[in-house]
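Sequential numbering of the sequence shown, starting at 13, is according to my numbering.
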Amino acid sequence: RAEQQFFSLCHAAHVGDVDTVRILLRQGANIDEKNYDGRTVLHIACAEGNYRMVEVLLNHGADKNIKDRWGNTPLQEAISHKQTLIVGLL
13 RAEQQFFSLC HAAHVGDVDT VRILLRQGAN IDEKNYDGRT VLHIACAEGN YRMVEVLLNH
73 GADKNIKDRW GNTPLQEAIS HKQTLIVGLL
């Protein structure tokens, strides 16, 4: 169940489905769980440039200091993808 929940959380973050993310978090999904590359849903949302999603994840306590397997934080993801609004939010 936890694995499916995490997959659903990652997918929802990727496509910008804020409502599904909120539901999954209420059901106990781990907001700071990492995928095979050490990326969290916050890394994904920052790379995608979804301001509202990043805002929701931060409001739910997502850790913006987690590094992926390449040593990148969500902020570095936003910078590398030229997501200037997200950079300002972080």
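Just so you know, even glycine gets a beta-carbon here, dropped at the ideal spot from N, CA and C. Fair warning: this is a prediction, and the values are worked out from it, not measured in the lab.
Buried/exposed call for residue i, threshold 16 Cβ in 10 Å
i	result
residue 84	buried
residue 71	exposed
residue 53	buried
Which listed residue (the options) has its alpha carbon closest to that of residue i
i	options	result
residue 22	96, 100, 47, 13	47
residue 101	80, 82, 76, 81	76
residue 19	30, 28, 41, 31	41
First through last residue of the alpha helix (DSSP H) which encompasses residue i
i	result
residue 49	That residue, residue 49, is in no alpha helix (DSSP H); it is neither H nor E in DSSP.
residue 71	63-71
residue 25	14-27
residue 100	96-101
Three-state class that DSSP yields for residue i in the structure shown
i	result
residue 41	coil
residue 75	coil
residue 31	helix
C-beta contact flag for residue i and residue j at 9 Å
i	j	result
residue 61	residue 93	yes
residue 69	residue 33	yes
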